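Enquirer: Got a structure here, written out as structure tokens. Questions coming.
Rendered as structure tokens:
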């Protein structure tokens with residue numbers, strides 16, 4: 001099928017974008033890379049009256065680390081550019097690894113980091129990575145600009161804190177501070193959405209022998225990225241050895257309540273989560289600096 | 290039976306009036322570069338780049354398979370990077386530089402190293418997916434450093450070959466990469 005008719009505008013400022021999104025006459029949708037939106041249009045799952053292409057707004061293509069060391073990724077920054085950026089690979093390797101799990105290079109050349117986050121497919125990699133990395137989301141709207149933390153950003157499947165008349169202008173990642181990291185996922189084929197995935201960060205205590213802080217976030221396990229405090233508590237203070245990993249895996253098995261679907265049963269997903277978690281924690285521990 | 294498969298010059302091929310439509314919609318004049326030639330066209334907002342190339346510019350070497358971004362047959366180079374033309378609107382490409390399979394060896398020009406490698410290694414099977422593979426492989430050969438085996442696998446995984454011809458396709462890509470980065474004398478294994 002082909003998309004239903006719509007109007008298209010490529011404004012030159014965030015103010016103009018917001019004015020178009022405020023148009024109550026016709027439903028407006030933000031278009032960035034279009035790698036999720038255009039198939040939805042072609043299958044007529046979405047029938048907006050207006051597409052607002054934000055990729056020509058000056059400044060939204062900025063990718064930089066600020067004076068505090070935080071990474072700013074503008075709404076028009078494409079996934080492959082972020083994943084290939086030396087500063088990202090060095091400072092936020094978990095993000096680069098999560099991006100490389102998205103589709104294929106042909107998709108990542110067009111798709112944007114912020115677009116994937118704002119689209120919020122619950123099986124997608126970037127929402128879980130953003131939660132694991134404590135991302136902050138900068139949202140411009142009619143009332144000004146506000147910042148939302150990752151824990152409050154993802155609301156439900158395909159739903160975030162961004163209202164229809166608002167624009168996610170950038171995502172900000174705090175400095176990594178030497179945390180070890182891993183992103184592991186199970187997919188039927190390379191490039192598919194995750195049947196189940198996990199993002200892990202671990203920080204070593206000053207004695208370097210114990211876990212000072214842990215973060216584990218699962219994708220494909222619920223309508224939003226799932227962070228499990230019980231898993232993190234099972235790891236914190238331990239030596240990240242076999243007993244601790246067993247306890248963490250048990251906590252994941254007990255804590256996750258994924259759904260059955262055509263790709264996998266809930267029981268299979270929970271088993272996969274436990275195994276991937278152990279593998280990810282082992283890798284993350286080795287990668288701590 | 291003979292059929293004239295010669296590709297019209299895109300600069301002159303398109304300037305017919307846009308097709309009539311039953312539904313009103315936004316129309317836009319876009320200027321872009323296609324295979325080195327400047328193109329100006331009136332396009333409807335919802336026109337996919339794949340349909341623009343095939344139906345309006347008559348560059349039918351870009352094949353359309355799944356139309357929702359899975360198969361990779363429609364891959365073209367947008368500003369030098371391989372991208373799905375079925376997941377891109379023509380209007381998004383205003384100002385862009387596009388390259389399609391027709392642009393690689395136009396007219397009687399010799400085949401590019403990638404095309405020659407596909408020919409020599411029999412990397413095309415039935416040929417339907419070939420233009421997409423060739424464009425992705427062309428981009429691989431244009432990178433500053435040689436892509437490693439994982440990069441090649443990652444790039445080729447963005448294409449579906451239903452003849453299951455990946456073995457020969459990968460061989461062809463490796464041959465083209467050898468020629469580009471090692472001077473071309475190495476016989477590439479798996």
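Residue numbers (the numbering used here), protein chains in the order written: chain A, 1 to 289; chain B, 290 to 479. Glycine residues also receive a C-beta, built at the ideal position from the N, C-alpha and C atoms. Fair warning: this is a prediction, and the values are worked out from it, not measured in the lab.
Please determine, among 322(B), 327(B), 355(B), 455(B), the residue with the shortest C-alpha to C-alpha distance to residue 411(B).
Expert: Counted from its first residue, the second chain places residue 411(B) at position 122. Sorting 322(B), 327(B), 355(B), 455(B) by C-alpha distance to the C-alpha of residue 411(B) places 455(B) at the top.
Enquirer: Counting only beta-carbon separations shorter than 8 Å, does residue 433(B) have a partner in chain A?
Expert: Here the question's residue 433(B) lines up with position 144 in the second chain. No, no contact with chain A.
Enquirer: Helix, strand or coil, according to DSSP, for residue 255(A) in the structure here?
Expert: Start at 1 with the first residue of the first chain, and residue 255(A) comes out as number 255. Three-state DSSP puts residue 255(A) in a helix.
Enquirer: Using a Cβ cut-off of 8 Å, which residues of the stretch 372–386 of chain B contact any Cβ in chain A, in chain order?
Expert: 372, 373, 375, 376, 377, 378, 380, 381, 383
Enquirer: Provide the residue span of the beta strand (DSSP E) that contains residue 202(A), from first to last.
Expert: As a working mapping, residue 202(A) is identified with position 202 in the first chain. That run of the beta strand (DSSP E) goes 196–204.
Enquirer: Name the two residues that bound the continuous alpha helix (DSSP H) containing residue 79(A).
Expert: Along the first chain, one-based indexing puts residue 79(A) at 79. Element bounds for residue 79(A): 79–84.
Enquirer: Does DSSP put residue 421(B) in a helix, in a strand, or in coil?
Expert: To locate residue 421(B), count along the second chain from 1; it is residue 132. Residue 421(B): helix per DSSP, three-state reduction.
Enquirer: What residues in the stretch 63–87 of chain A bring their beta carbon closer than 8 Å to a beta carbon of chain B?
Expert: 80
Enquirer: Give the residues from the stretch 395–427 of chain B that approach chain A closer than 8 Å (Cβ to any Cβ), ordered along the chain.
Expert: 425
Enquirer: Mind checking which residues open and close the alpha helix (DSSP H) that includes residue 285(A)?
Expert: Reading the first chain from its first residue, position 285 is the one you call residue 285(A). Residues 266–287.
Enquirer: Residue ranges of each beta strand (DSSP E) run of no fewer than 3 residues wholly in the stretch 87–164 of chain A, ordered along the chain?
Expert: 136–141, 144–149, 154–156
Enquirer: Please list, in chain order, the chain D residues whose beta carbon lies closer than 9 Å to that of residue 444(B).
Expert: Judged by its chain identifiers, the structure shown contains no chain D, and its protein chains are A and B.
Enquirer: Name, please, each residue of chain A whose Cβ falls closer than 8 Å to the Cβ of residue 388(B).
Expert: As a first step, residue 388(B) is located in the second chain; it is residue number 99 there, counting from the start. Those within 8 Å of residue 388(B) in chain A number zero; the least Cβ separation is about 14 Å.
Enquirer: Considering only C-alpha positions, which residue in the set 416(B), 438(B), 315(B) is nearest to residue 451(B)?
Expert: Working through the second chain from its first residue, we reach residue 451(B) at position 162. Comparing Cα positions, the closest option is 416(B).
Enquirer: So residue 357(B) and residue 116(A) are in contact, right, with Cβ under 8 Å, and what is the actual spacing, rounded?
Expert: Residue mapping note: residue 357(B) aligns to position 68 of the second chain, counting from 1. Residue mapping note: residue 116(A) aligns to position 116 of the first chain, counting from 1. About 17 Å; that fails the 8 Å criterion.
Enquirer: Can you name the residues of chain A whose CB is closer than 7 Å to the CB of residue 357(B)?
Expert: In the second chain, the residue the question calls residue 357(B) occupies position 68. Here the neighbours are 39, 42, 43.
Enquirer: Which residues of chain B have a Cβ atom closer than 9 Å to the Cβ of residue 6(A), listed in chain order?
Expert: Position 6 of the first chain, counted from the start, is the residue given in the question as residue 6(A). Those are 314, 315, 334, 335, listed as they occur along chain B.
Enquirer: What does the alpha-carbon distance come out to for the pair residue 390(B) and residue 362(B)?
Expert: To locate residue 390(B), count along the second chain from 1; it is residue 101. To locate residue 362(B), count along the second chain from 1; it is residue 73. Distance between the alpha carbons of residue 390(B) and residue 362(B): 11 Å.
Enquirer: What residue range is occupied by the uninterrupted alpha helix (DSSP H) comprising residue 463(B)?
Expert: Locating residue 463(B) in the second chain gives position 174, counting from the first residue. Where residue 463(B) is concerned, the enclosing alpha helix (DSSP H) stretches over 455–470.
Enquirer: Between the alpha carbons of residue 205(A) and residue 181(A), how many angstroms are there, rounded?
Expert: Taking the first chain and counting its residues from 1, the one referred to as residue 205(A) is at position 205. Taking the first chain and counting its residues from 1, the one referred to as residue 181(A) is at position 181. Approximately 15 Å, taken between the alpha carbons.
Enquirer: Let me check one thing: in DSSP terms, what residues is residue 227(A) bridge-paired to?
Expert: For the purposes of this step, residue 227(A) is taken as residue 227 along the first chain, with counting starting at 1. Partner(s): 217(A).
Enquirer: Is any beta-carbon of chain A found at less than 8 Å from that of residue 447(B)?
Expert: As a first step, residue 447(B) is located in the second chain; it is residue number 158 there, counting from the start. Chain A, which has a Cβ nearer than 8 Å to the Cβ of residue 447(B), makes this yes.
Enquirer: Indicate the three-state DSSP secondary structure (helix, strand or coil) for residue 62(A) in the structure shown.
Expert: As a working mapping, residue 62(A) is identified with position 62 in the first chain. Residue 62(A): coil per DSSP, three-state reduction.
Enquirer: Return the first residue and the last residue of the alpha helix (DSSP H) that residue 16(A) is part of.
Expert: Residue numbering aside, residue 16(A) sits at position 16 when the first chain is read from its first letter. Looking at the DSSP string, the run of the alpha helix (DSSP H) that includes residue 16(A) is 14–21.
Enquirer: Could you give the distance in angstroms between the alpha-carbon of residue 139(A) and the alpha-carbon of residue 178(A)?
Expert: To locate residue 139(A), count along the first chain from 1; it is residue 139. To locate residue 178(A), count along the first chain from 1; it is residue 178. Roughly 28 Å between the two C-alpha positions.
Enquirer: What's the call for residue 368(B), buried or exposed, on a 16-neighbour Cβ count within 10 Å?
Expert: The residue you call residue 368(B) lines up with position 79 of the second chain. It is exposed - the Cβ of residue 368(B) has fewer than 16 other Cβ atoms within 10 Å.
Enquirer: Mind listing the chain B neighbours of residue 208(A)? Cutoff is C-beta to C-beta under 9 Å, in chain order.
Expert: Along the first chain, one-based indexing puts residue 208(A) at 208. Under the 9 Å cutoff, chain B gives no residues; its nearest Cβ is about 31 Å from residue 208(A).
Enquirer: Quick one: grab the DSSP three-state call for residue 364(B).
Expert: Looking up residue 364(B) in the second chain gives position 75. In the structure shown, residue 364(B) sits in a strand (DSSP, three-state: E or B).
Enquirer: Which of the three DSSP states is assigned to residue 191(A) in this structure?
Expert: By one-based count along the first chain, residue 191(A) stands at place 191. Under the three-state reduction of DSSP output, residue 191(A) falls in the coil class, being neither helix nor strand.
Enquirer: Going by DSSP in three states, residue 392(B) sits in which element: helix, strand or coil?
Expert: One-based indexing of the second chain puts residue 392(B) at position 103. Residue state, collapsed to three classes: helix.
Enquirer: Classify residue 6(A): buried if its beta carbon has 16 or more other beta carbons within 10 angstroms, exposed otherwise.
Expert: Locating residue 6(A) in the first chain gives position 6, counting from the first residue. Burial call: buried.
Enquirer: Tell me, please, which residues DSSP counts as bridged to residue 180(A).
Expert: Walking along the first chain from the start, residue 180(A) turns up at place 180. Beta-bridge pairing links residue 180(A) to 202(A).
Enquirer: Based on Cα-Cα distance, which residue from 429(B), 340(B), 331(B) lies nearest to residue 370(B)?
Expert: For the purposes of this step, residue 370(B) is taken as residue 81 along the second chain, with counting starting at 1. It is 429(B).
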